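Per full-length UniProt numbering, residue 1 is the first one in the sequence shown, and the count goes up by one each step.
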Amino acid sequence: MVQIRGVPGRSLYSVGIVSVFVLISLLFFWVPTPPPRAPTRQAAIPNTIPSQPKPAADPAANTNGGTSNGSNSNGSSAGPGLVQQSTGKIIDHIYNRTLGFGDILSVSLPSRTDRRDSMHLQSSLSGFHVTFVDGVNGDDVVDKAIPNTFKHDRMRGSSIGSWRGHMNAIQQIVDRNLASALITEDDLDWDIRIHDQLYDFALSARALIQPLAGTQNQYHDPTFPKPGKNSPDTVPDIDFAHLPETEEPKISPYGDDWDVLWIGHCGMHFPFKDDVHQPKGRVVHKQDETVAMKKYLRNIPQPFTLSDDYPQHTRVVHHAEEGVCTLAYAVSLQGAQKLIYELGLKDVTDQYDILLRFFCNGFRGRKPHRCLTVQPSLFHHFHAKGPKSASSDIDSWNADEFVTEESSDMVRWSVRLNAETLMEGGTVFSDQYPDSVLP
Numbered sequence: 001m002v003q004i005r006g007v008p009g010r011s012l013y014s015v016g017i018v019s020v021f022v023l024i025s026l027l028f029f030w031v032p033t034p035p036p037r038a039p040t041r042q043a044a045i046p047n048t049i050p051s052q053p054k055p056a057a058d059p060a061a062n063t064n065g066g067t068s069n070g071s072n073s074n075g076s077s078a079g080p081g082l083v084q085q086s087t088g089k090i091i092d093h094i095y096n097r098t099l100g101f102g103d104i105l106s107v108s109l110p111s112r113t114d115r116r117d118s119m120h121l122q123s124s125l126s127g128f129h130v131t132f133v134d135g136v137n138g139d140d141v142v143d144k145a146i147p148n149t150f151k152h153d154r155m156r157g158s159s160i161g162s163w164r165g166h167m168n169a170i171q172q173i174v175d176r177n178l179a180s181a182l183i184t185e186d187d188l189d190w191d192i193r194i195h196d197q198l199y200d201f202a203l204s205a206r207a208l209i210q211p212l213a214g215t216q217n218q219y220h221d222p223t224f225p226k227p228g229k230n231s232p233d234t235v236p237d238i239d240f241a242h243l244p245e246t247e248e249p250k251i252s253p254y255g256d257d258w259d260v261l262w263i264g265h266c267g268m269h270f271p272f273k274d275d276v277h278q279p280k281g282r283v284v285h286k287q288d289e290t291v292a293m294k295k296y297l298r299n300i301p302q303p304f305t306l307s308d309d310y311p312q313h314t315r316v317v318h319h320a321e322e323g324v325c326t327l328a329y330a331v332s333l334q335g336a337q338k339l340i341y342e343l344g345l346k347d348v349t350d351q352y353d354i355l356l357r358f359f360c361n362g363f364r365g366r367k368p369h370r371c372l373t374v375q376p377s378l379f380h381h382f383h384a385k386g387p388k389s390a391s392s393d394i395d396s397w398n399a400d401e402f403v404t405e406e407s408s409d410m411v412r413w414s415v416r417l418n419a420e421t422l423m424e425g426g427t428v429f430s431d432q433y434p435d436s437v438l439p
């Protein structure tokens with residue numbers, strides 16, 4: 001045995017045994033610390049906001065027509081009230097801070113801080129969030145950037161700016177890979193019950209474009225997805241109180257296969273009988289207390305069939321035909337890709353809302369696309385007090401014209417006009433268009 005001076009052989013042997021034991025123990029029990037992991041994206045949980053309870057998402061259980069609770073009279077009581085209870089279904093996403101879309105994008109000139117202030121306030125009071133997309137001065141858009149495949153005059157600067165601003169918003173959907181986004185203008189008003197209205201709209205949209213329950217390609221509307229050679233030019237209305245049972249959407253609470261939901265406009269037609277591209281189905285929601293009486297309703301395209309053919313307080317969801325004004329419209333990811341191709345890369349010959357009409361209905365070298373809408377629409381112009389020239393950044397008005405009373409078109413319980421009541425926690429709201437005794 002080799003000895004080290006000053007250390008007995010037996011002791012050295014013992015030390016060696018202990019050292020080996022310690023080394024083996026360290027190797028056996030030591031667990032290396034893993035390197036830092038990149039944070040994982042948590043699944044989005046829909047936010048809930050104060051709202052009236054809604055009927056069950058299952059259409060078969062929707063026996064009351066889904067109307068909001070409350071009174072129609074001026075100084076109505078009701079409103080946000082209770083917290084929406086989650087059922088664990090995708091339709092609950094309508095009650096989150098983006099109304100069931102990936103984002104809400106409001107096109108707004110940076111100089112219009114007045115409108116941004118209003119949109120911030122109104123959206124906050126309504127429980128959702130708006131992301132602003134800077135509007136564009138059309139004079140800053142060079143000729144080379146405007147598609148022009150045949151000789152025609154350049155649109156005026158304000159119209160070009162509107163087109164480019166909306167296209168920039170649509171670009172964001174593609175750049176951010178959003179499943180969808182709601183695009184709005186910045187001079188809007190809407191009803192305090194907007195979440196509930198969108199809930200009803202979603203159920204109606206599903207009845208038009210979702211496959212029937214238990215099927216993959218069978219639909220309640222015989223003219224959907226595209227009218228055939230022998231398809232009828234009219235089909236029976238679908239009663240909102242008795243919706244067909246359809247497959248549950250997987251992508252959007254509004255249905256899985258749409259390009260545009262045109263839910264804010266100045267007027268719309270029902271699909272024409274001779275339009276071979278547009279399905280003819282309609283979902284009719286009667287006794288919708290959020291709809292004003294007919295005498296208060298307006299529609300730029302004439303005739304106004306909704307007012308002529310349907311009873312008081314009726315709202316109808318259908319496929320879009322000749323829409324006017326792009327106050328608010330949702331775009332899916334696939335819809336955004338198509339819009340960039342059809343409106344961003346093809347000739348800009350008309351104002352943006354007319355171009356969107358071409359996109360939906362298939363005019364001026366564009367294919368028809370899947371666009372749903374609602375009459376009356378859910379988002380409307382707000383008319384602020386002050387010089388009328390401030391009401392538009394596109395149209396010109398006489399400098400002497402003045403708006404003396406603020407109002408919004410066809411919105412009953414206006415968020416803007418009830419802002420003070422909402423901020424004070426009130427539950428009695430002013431009705432712009434109270435019911436009256438018919439003559």
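Cβ atoms here follow ideal geometry from the backbone N, Cα and C, with glycine treated the same way. Only a predicted model underlies this, so the values are computations on that prediction, with no experimental measurement involved.
Assigned exposure category for residue i - 16 Cβ within 10 Å defines buried
{"i": "P271", "result": "buried"}
{"i": "M423", "result": "exposed"}
{"i": "V428", "result": "exposed"}
{"i": "D114", "result": "exposed"}
{"i": "K151", "result": "exposed"}
{"i": "G425", "result": "exposed"}
{"i": "G281", "result": "buried"}
{"i": "L297", "result": "buried"}
{"i": "P253", "result": "buried"}
{"i": "A169", "result": "buried"}
{"i": "R206", "result": "buried"}
{"i": "Q218", "result": "exposed"}
{"i": "K144", "result": "exposed"}
{"i": "S436", "result": "exposed"}
{"i": "P311", "result": "exposed"}
{"i": "E342", "result": "buried"}
{"i": "G127", "result": "buried"}
{"i": "K338", "result": "buried"}
{"i": "residue 463", "result": "A question about residue 463 goes unanswered here, because the residues of the chain that appear run from 1 up to 439."}
Same chain only: Cβ atoms within 6 Å of residue i, ignoring 5 sequence neighbours per side
{"i": "D233", "result": "K273"}
{"i": "T184", "result": "S106, A328"}
{"i": "G65", "result": "Because G65 sits at a pLDDT of 33, beneath the cut-off of 50, its placement in the model cannot be relied upon, and the following sentence gives the value as read from the coordinates. Once the five neighbours on either side are set aside, the close Cβ partners of G65 are F240, A241."}
{"i": "G264", "result": "L327, A328, S377, F379"}
{"i": "A61", "result": "With a pLDDT of 34 at A61, under the threshold of 50, the predicted position of this residue should be treated as unreliable, though the coordinate-derived value follows. Within the same chain, A61 has no close Cβ partners at all."}
{"i": "D134", "result": "P110"}
{"i": "S159", "result": "Q351"}
{"i": "T314", "result": "K286"}
{"i": "H269", "result": "P301, E321, E322"}
Minimum Cβ-Cβ distance from residue i to chain C less than 8 Å
{"i": "V348", "result": "Reference to chain C is not applicable here, since this structure consists of a single protein chain."}
Nearest to residue i (by Cα), restricted to the options the options
{"i": "Y199", "options": "F150, D288, L327, Q302", "result": "D288"}
{"i": "T326", "options": "P225, T305, G425, S162", "result": "S162"}
{"i": "A320", "options": "A145, L261, A330", "result": "L261"}
{"i": "I173", "options": "G386, S252, I340, R370", "result": "I340"}
{"i": "K89", "options": "G267, I263, L203, K338", "result": "L203"}
{"i": "I194", "options": "V331, D431, I94, P227", "result": "I94"}
{"i": "P434", "options": "V291, C360, I354", "result": "V291"}
{"i": "K250", "options": "Y296, N148, G100, L417", "result": "G100"}
{"i": "G365", "options": "S377, T349, D92", "result": "T349"}
{"i": "R156", "options": "V141, M167, T149, A169", "result": "V141"}
{"i": "S118", "options": "G138, E322, D431, E420", "result": "E420"}
{"i": "N361", "options": "E322, A336, W258", "result": "E322"}
{"i": "R164", "options": "P147, D153, D175, R176", "result": "P147"}
{"i": "K385", "options": "C266, T404, L345", "result": "T404"}
{"i": "Q122", "options": "D139, L188, G228", "result": "L188"}
{"i": "F363", "options": "K295, M410, D275", "result": "D275"}
{"i": "L243", "options": "K294, H277, F201", "result": "F201"}
{"i": "D347", "options": "V136, D153, N137", "result": "D153"}
{"i": "Q210", "options": "G138, G228, M268, T246", "result": "T246"}
8 Å CB neighbourhood of residue i in its chain, flanking five on each side removed
{"i": "P222", "result": "S231, P232, V235"}
Reduced DSSP secondary structure (H/G/I, E/B, other) of residue i
{"i": "H383", "result": "strand"}
{"i": "L378", "result": "coil"}
{"i": "residue 440", "result": "The displayed coordinates of the chain run from 1 to 439. Any statement about residue 440 would go beyond what the structure contains."}
{"i": "S124", "result": "helix"}
{"i": "R115", "result": "helix"}
{"i": "I340", "result": "helix"}
{"i": "C371", "result": "strand"}
{"i": "W190", "result": "coil"}
{"i": "D233", "result": "coil"}
{"i": "A292", "result": "coil"}
{"i": "residue 440", "result": "Past the edges of the chain, shown from 1 to 439, lies residue 440, and the structure says nothing about it."}
{"i": "S407", "result": "strand"}
Rounded distance between the beta-carbons of residue j and residue i, thought under 8 Å
{"i": "D191", "j": "R412", "result": "6 Å"}
{"i": "S407", "j": "H383", "result": "5 Å"}
{"i": "V331", "j": "L372", "result": "With 8 Å as the limit, V331 and L372 do not qualify as a contact, their Cβ atoms being about 12 Å apart."}
{"i": "R97", "j": "H129", "result": "5 Å"}
Same chain, Cβ closer than 7 Å to residue i, neighbours up to 5 away in sequence not counted
{"i": "R116", "result": "S108, F132, D186"}
{"i": "D103", "result": "T131, L178, A181"}
{"i": "Q197", "result": "D191, T290, L378"}
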